[in-house]
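So the sequence shown is numbered by our numbering: it starts at 208 and just counts up by one. Glycine included, each C-beta is placed from N, C-alpha and C at the ideal position. Every value quoted in this text rests on a predicted model; they were computed, and no experiment measured them. One structure is given below, encoded as C-alpha cells.
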Amino acid sequence: MGIHSREPKCRRGLAMIVMIIFGSLLSVFVSPINDKRERKTLAGPSETVQGVMAVHSELLPEKKLSICIGNLLDQREFYYEKEKNGFLDSSRLISKTGPCWLRRYTVEHAVTCFDRLDSNRDKLETNPVLNRRKQLRFVFMGDSRIRQQFLNFIRLIPDYDKQSLPNPIPFHHHGDIEITSDILGVRVSFKWRPLINDNVTETIRQWAITDSPERPYWIFLSMTAWHMLQGYGADYQLYQKKISELGPLLGQLANVSQVIWLHQYPSVDFYGGIRASNTDIVSEKIYGYNKITRKILESLRTRIRIWDSSNPLVEEYTRDCTILKRDEKAKIGDPSVPMDYASAYFNCDDYIHTGYAALSQATQLLFNDICNSQME
Ligand SMILES: *[C@@H]1O[C@H](CO)[C@@H](O)[C@H](O)[C@H]1NC(C)=O
Ligand SMILES: *[C@@H]1O[C@H](CO)[C@@H](O)[C@H](O)[C@H]1NC(C)=O
Numbered sequence: 208m209g210i211h212s213r214e215p216k217c218r219r220g221l222a223m224i225v226m227i228i229f230g231s232l233l234s235v236f237v238s239p240i241n242d243k244r245e246r247k248t249l250a251g252p253s254e255t256v257q258g259v260m261a262v263h264s265e266l267l268p269e270k271k272l273s274i275c276i277g278n279l280l281d282q283r284e285f286y287y288e289k290e291k292n293g294f295l296d297s298s299r300l301i302s303k304t305g306p307c308w309l310r311r312y313t314v315e316h317a318v319t320c321f322d323r324l325d326s327n328r329d330k331l332e333t334n335p336v337l338n339r340r341k342q343l344r345f346v347f348m349g350d351s352r353i354r355q356q357f358l359n360f361i362r363l364i365p366d367y368d369k370q371s372l373p374n375p376i377p378f379h380h381h382g383d384i385e386i387t388s389d390i391l392g393v394r395v396s397f398k399w400r401p402l403i404n405d406n407v408t409e410t411i412r413q414w415a416i417t418d419s420p421e422r423p424y425w426i427f428l429s430m431t432a433w434h435m436l437q438g439y440g441a442d443y444q445l446y447q448k449k450i451s452e453l454g455p456l457l458g459q460l461a462n463v464s465q466v467i468w469l470h471q472y473p474s475v476d477f478y479g480g481i482r483a484s485n486t487d488i489v490s491e492k493i494y495g496y497n498k499i500t501r502k503i504l505e506s507l508r509t510r511i512r513i514w515d516s517s518n519p520l521v522e523e524y525t526r527d528c529t530i531l532k533r534d535e536k537a538k539i540g541d542p543s544v545p546m547d548y549a550s551a552y553f554n555c556d557d558y559i560h561t562g563y564a565a566l567s568q569a570t571q572l573l574f575n576d577i578c579n580s581q582m583e
C-alpha cells in the first residue's frame, strides 16, 4: 500500500540526534523569548492570564501582546509571521487586530483546560440536552495523517488513570484507538477511516441527528490523501462527489459539535537517501484537493471550520528536508531497534507523514484554539 510503504525505520540513537536537530530548526529562532516564557509559565495551571501577559510584556516591553483567542485554525483569520530571516516565529500569530501570543501548553495547562471546558459546557452550548453527556469527547477520524495529530494530542493527557485500547498502541495501527481518563472525564478516539465511504457518512449522520454519548464534542477529520492514490482510483471527480455528499452532514453536525476539517499538509516531494520522487501525492496535487475541498465546504455556509493555519509550519519542515538532503536509508531494516511512535516521523525519509518538529507545533496551536478562551 503506497502510502505506508515509506514509513521510516531507524535506529533510536541516530533518531534522537536527528530529532534534536530538527526540533531546533523550528524553535531556535524563537528560543530567546520562548525559553524564558516557557520556564515562567510552568508555574502552574492556576497562573492567571494577566500574570503571563505581565511576564511577556516584561520580555517585550514595547509590545503588550494579548493571548490569541478566536478561530486560530483558519489562516485567513490568524497566521504565522515570517521573520526577515525567512523563519517562522511560532510563538505568535498575526490577525487583523495585530499580533497576539500563543501559550505553550503543558500537561498542567491541558488539565485546567479540560476541567473548565467541562464546567463551562452548559454556557457554551445552547442545546440543553447536550449537558447530559458525561465525558468530554474528542474524535480524530481519517487516515494516518490525522492519526499523527491524535497521537500528539494525547501526549498532553496526564497518566492519572489513562486507559488505552489497544495497549500498547501498535505502530502503523490501521484500526480504532480509544483513550479514556475517568478522573479527567475525557475520552479521545481515533477512528481509522482513510476514505470517505458509506460508513463515514452514516456515522456522521447518526451523530448529527441523535444525541448519544458517542457524539463528539470536537471532531477532527482528514480523509483526502487516500483518494489521491492510484490504488484507490486517484479520481478527482469522485473525491468531489464524496466530499459534496459528506459536507451537508458535517454541516448539520457542526450545529451541535465543533467540526474541524484538516487541510492536507504539503508532502516532501523528494525524500530519502536516493531522493526518490513521490508521484502519487505531490504538493501540487494536494494544493488542488485542498482548494476544491474549501470551495465545496464553504459553499454550504455552515459552521465547519477548515484547519490550514499550521500549513506554514509543515512548509518549513519540507523546505528543511529539501535543503538538508537527509539520508536515513542506513537505518532501515535494523532489527535490534524497534520503531515506536515517539521516534517516528521526523526524518524526511517519509513523504507523507510530517515530522514531529512541525507536528508538535501544530498540536500546540490546536490547544491554543481549544483552550485559550477557557484559561482566563
Ligand atoms: C463503521 O465501521 C465500524 C468498524 O468497522 C463499525 O464498528 C461501525 O458500526 C460502522 N458504522 C456504521 C454506521 O456503519
Ligand atoms: C443549524 O442551525 C440553524 C439554527 O437552528 C439552522 O437554521 C440551520 O439550518 C442548521 N444548519 C444545518 C446545516 O443543519
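Selection from Val318, Pro401, Ile390, Arg362 that minimises the alpha carbon distance to His381: Numbered from 1 along the sequence shown, position 174 holds the residue referred to as residue 381. Nearest C-alpha to His381: Pro401.
Whether Trp514 touches Ile450 by CB criterion (7 Å): In the sequence shown, residue 514 corresponds to position 307, counting from 1. In the sequence shown, residue 450 corresponds to position 243, counting from 1. In this structure, Ile450 does not lie closer than 7 Å to Trp514 by Cβ.
Proximity of Pro153 and Leu300 at Cβ, strictly below 7 Å: Residue 153 lies beyond the range of the chain shown here (208 to 583); nothing can be said about it.
Local conformation of Pro365 per DSSP, three classes: Here residue 365 refers to the residue found at position 158 when the sequence shown is read from its first residue. Coil.
Other residues of its chain near Gln356: CB distance less than 8 Å, five sequence neighbours each side excluded: Counting from 1 along the sequence shown, the entry for residue 356 is found at position 149. Around Gln356: Phe347, Phe427, Ser429, Leu469, Leu566, Ala569, Thr570, Leu573.
Between the CA atoms of Thr313 and Pro306 - distance to the nearest angstrom: One-based indexing of the sequence shown puts residue 306 at position 99. One-based indexing of the sequence shown puts residue 313 at position 106. Going by the C-alpha atoms only, they are around 22 Å apart.
heavy atom of ligand 1 below 6 Å from Asn575 C-beta: Numbered from 1 along the sequence shown, position 368 holds the residue referred to as residue 575. Asn575 Cβ: outside cutoff for every heavy atom of ligand 1.
Residues that Gln370 bridges to, as DSSP identifies them: Counting from 1 along the sequence shown, the entry for residue 370 is found at position 163. Bridge partners of Gln370: Thr387.
Cβ-based neighbour list, Leu391, same chain, cut-off 6 Å, excluding 5 preceding and 5 following: As a first step, residue 391 must be located in the sequence shown, where it is residue number 184. Sequence-distant partners of Leu391 (beyond 5 residues in either direction) whose C-beta falls short of 6 Å from its own C-beta, in its chain, are Phe321.
Same chain, Cβ closer than 6 Å to Gln459, five either side skipped, listed in chain order: As a working mapping, residue 459 is identified with position 252 in the sequence shown. Taken in chain order, the residues that qualify are Ala415.
7 Å Cβ shell around Ile511 - same chain, five flanking residues per side excluded: What you label residue 511 is simply residue 304 of the sequence shown in a count that begins at 1. Leu457, Gly458, Ala461, Val466, Trp468, Leu504, listed in sequence order.
Opening and closing residue of the beta strand (DSSP E) in which Ile513 lies: For this step, residue 513 is matched to residue 306 along the sequence shown. That run of the beta strand (DSSP E) goes 512 to 514.
One or two residues paired with Trp468 in a DSSP bridge: Counting from one through the sequence shown, the residue named residue 468 turns up at place 261. Beta-bridge pairing links Trp468 to Leu428, Ile513.
For Trp414, the first and last residue of its enclosing alpha helix (DSSP H): One-based indexing of the sequence shown puts residue 414 at position 207. Residues 405 to 416.
CA-to-CA distance, Asn374 to Gln581, given in whole angstroms: In the sequence shown, residue 581 corresponds to position 374, counting from 1. In the sequence shown, residue 374 corresponds to position 167, counting from 1. For Gln581 and Asn374, the distance between alpha carbons rounds to 31 Å.
Per-residue burial, Arg310 [other beta carbons within 10 Å of its own, 16 or more giving buried]: The sequence position of residue 310 within the sequence shown is 103, counting from 1. That one is buried.
Whole-angstrom distance between Cys578 and Leu324, CA atom to CA atom: Along the sequence shown, read from residue 1 onward, the residue named residue 324 stands at position 117. Along the sequence shown, read from residue 1 onward, the residue named residue 578 stands at position 371. So the two alpha carbons sit approximately 8 Å from each other.
Same chain only: Cβ atoms within 8 Å of Tyr496, ignoring 5 sequence neighbours per side: Within the sequence shown, numbered from 1, the residue matching residue 496 stands at position 289. Same-chain partners within the cutoff: Thr431, His434, Met435, Tyr443, Tyr446, Gln471.
DSSP beta-bridge partners of Gly382: Start at 1 with the first residue of the sequence shown, and residue 382 comes out as number 175. Partner(s): none; Gly382 has no beta bridge.
Chain C contact for Gly293 (CB, 7 Å cutoff): Among the protein chains of the structure shown there is no chain C, as only one such chain exists.
Neighbourhood of Glu452 by C-beta, 7 Å cutoff - its chain only, sequence neighbours within 5 removed: By 1-based counting over the sequence shown, the position of residue 452 is 245. So the list reads Thr408, once near-sequence residues are dropped.
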